[in-house]
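S.K.: Just dropping this structure here.
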Amino acid sequence: MTIRDRLRRQEPTLSFELFPPRSPAAEEMLGRTMRAIVDTRPDFISITYGASGSTQGASRSVVQRVAQEHGVPPLAHLTCVEQSRDDLRAVIEGYLEDGVTDFLALRGDPPQGQAGWRPHPDGLMYASDLVVFLRETAAAHGVHDLSIGVAAFPAQHAVERFRQPAIDVLRAKQAAGADYAITQVFYDVAHYTGLVEEGRAQGVTLPIIPEVMPLVSAQRARRASQITDVRTPDALVAALDAAATDDEARATGVEHATRLARDLLDAGAPGIHVITFNRHDAAVELVERLPLRGGVARRDAL
Ligand code: FAD
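Plus 230 on top of the position in the sequence shown (first one is 1) and you've got our numbering.
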């Protein structure tokens, strides 16, 4: 069953994000993390893809492990940055050979130091172009039932001057053939409901799955802010800073993420996508506090 089909059921989905490991030690940690998160019976696991195709082989190998070793549907991220149409076609064909039918179509961030965004001369400009390209490439191989997700940006939408562009771009992704969206990280439920409500009023019908990131240290919170350009709430950073031990800091981060995830489910979110940083402890502790295990709502957890 594709993610598109899972989202048509009434129960909210549970999913996680992993990234490809960069060393043997990281590979081992990823193995432990996969086993622990698979025990929570997620609906799918997404695997990031380095912009510029830098993690191409490593991403594909994690996607294969998720599907073949663990029997969980993988969601393969794919980006356009610094790749020609031929490069992208070859990557997509590899995934199709592996039986992958779920993709997250992204543009990717421009390489560090590059001023502004320039597509590859024979590449794609926007994520919406990648949605179309994925469907065309799959159709040429007789695959017609791809399920394609795209990115959405609630914190960006909360900023006045990005408000309308955030909706316009999401609508363009939907018009290109996207089936659902997964959000960038954010910390205020009103940012999510604002994007969803305004989007619905303007014809965005895509299910929008919120991403939740349990932050286990002040250092990680600062790093997350840098990478995403979304400010971590000062009160959360202060509480993480004040924690006397790693366990206390983790409990603080999990508590914050739990409150947000519960508020999101109460607001009607169609699922929760958990960022793991390839560590299972905080991710699993969060999920154990939510009515989501097994992809079937566990109301007794409330
Ligand atoms: P686009 O939709 O192409 O948007 C890029 C820019 O172009 C935006 O400023 C947008 O406003 C503008 N734009 C889009 N369409 C139009 C249009 N028709 N006309 C004018 N302007 C337009 N990055 C990675 O490198 N690897 C990953 O695995 C990865 N996973 C991610 C997962 C999630 C859930 C999210 C939210 C982000 C992820 N990213 C990843 C980061 C993402 O690639 C960046 O945020 C990137 O800068 C934007 O990607 P996009 O897919 O939204 O691009």
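Here a beta-carbon is modelled for each residue, glycine too, at the ideal position from N, C-alpha and C.
What you are looking at is a predicted structure, and each value in this text was computed from that prediction instead of being measured.
Enumerate in chain order the residues of its own chain whose CB-to-CB distance from residue 270 is below 7 Å, with the five nearest sequence positions on each side excluded.
M.R.: So the qualifying residues of the chain are 244, 514, 517, 523.
S.K.: Let me make sure I understand the geometry here. Which of 323, 232, 292 has the alpha-carbon closest to that of residue 364?
M.R.: Residue 364 has its Cα closest to that of 323, out of 323, 232, 292.
S.K.: Could you check if residue 545 belongs to the surroundings of the ligand FAD, using beta carbon to heavy atom distance under 7 Å?
M.R.: Within the shown structure, residues of the chain are numbered from 231 to 532, placing residue 545 beyond reach of any answer.
S.K.: Nearest to residue 424 by alpha carbon, out of 498, 521, 249?
M.R.: Residue 424 has its Cα closest to that of 498, out of 498, 521, 249.
S.K.: To the nearest angstrom, how far is it from the Cα of residue 546 to the Cα of residue 511?
M.R.: Absent from the structure is residue 546, since the part of the chain shown begins at 231 and ends at 532.
S.K.: Roughly how many angstroms separate the alpha carbons of residue 409 and residue 377, rounded to a whole number?
M.R.: Spanning the two alpha carbons is a distance of roughly 6 Å.
S.K.: Heavy atom of the ligand FAD less than 7 Å from the Cβ of residue 321, yes or no?
M.R.: No; taking the cut-off as 7 Å, the Cβ of residue 321 has no heavy atom of the ligand FAD nearer than that.
S.K.: What residues in its chain sit with their C-beta under 6 Å from that of residue 360, if we drop five residues either side in the sequence?
M.R.: Same-chain partners within the cutoff: 310, 335, 354.
S.K.: To the nearest angstrom, how far is it from the Cα of residue 249 to the Cα of residue 447?
M.R.: The alpha-carbon atoms of residue 249 and residue 447 are separated by roughly 19 Å.
S.K.: Would residue 265 be called buried (16 or more neighbouring beta carbons within 10 Å of its own) or exposed?
M.R.: Per the 10 Å Cβ criterion, exposed.
S.K.: Does the segment 365 to 385 come close enough to the segment 338 to 356 to have 3 or more Cβ pairs within less than 8 Å?
M.R.: No, the segment 365 to 385 does not touch the segment 338 to 356.
S.K.: Enumerate, from N- to C-terminal direction, the unbroken alpha helix (DSSP H) stretches of 4 or more residues contained entirely within the segment 239 to 292.
M.R.: 254 to 268, all fully within the segment 239 to 292.
S.K.: In angstroms with no decimal places, state the Cα-to-Cα distance between residue 505 and residue 267.
M.R.: Rounded to whole angstroms, residue 505 to residue 267 spans 11 Å at the Cα level.
S.K.: Does residue 413 come out as helix, strand or coil in the three-state DSSP assignment?
M.R.: Of the three classes helix, strand and coil, the one that applies to residue 413 here is strand, per DSSP.
S.K.: Just to confirm the assignment, what range does the beta strand (DSSP E) spanning residue 309 have?
M.R.: First-last of the beta strand (DSSP E) with residue 309: 304 to 309.
S.K.: Considering residue 363, what are the terminal residues of the alpha helix (DSSP H) in which it resides?
M.R.: Unbroken alpha helix (DSSP H) run through residue 363: 357 to 370.
S.K.: DSSP has residue 312 in a bridge; who is on the other side?
M.R.: Answer by DSSP bridge pairing: none, since residue 312 is not bridged.
S.K.: For residue 285, which residues from the same chain have a beta carbon less than 7 Å from its beta carbon, with the 5 sequence-adjacent residues on both sides left out?
M.R.: Closer than 7 Å at Cβ, skipping near neighbours: 250, 279.
S.K.: Helix, strand or coil: how does DSSP classify residue 400 here?
M.R.: Residue 400: helix per DSSP, three-state reduction.
S.K.: Taking the DSSP output, what are the residues bridged to residue 332?
M.R.: Looking at the DSSP assignment, residue 332 forms a beta bridge with 377.
S.K.: Taking 8 Å as the cut-off, does the segment 460 to 477 touch the segment 250 to 264 (at least 3 CB pairs, one atom from each stretch)?
M.R.: They do not touch, by the three-pair rule.
S.K.: Please give the ranges of any alpha helix (DSSP H) in the segment 446 to 510, keeping only runs that are unbroken, at least 4 residues long and fully inside the region.
M.R.: Taking only runs of at least 4 residues, the alpha helix (DSSP H) segments lying wholly in the segment 446 to 510 are 448 to 458, 464 to 472, 476 to 496.
S.K.: Can you tell me which of 521, 417, 297 puts its alpha carbon nearest to the alpha carbon of residue 467?
M.R.: Measuring from the Cα of residue 467, the nearest candidate turns out to be 417.
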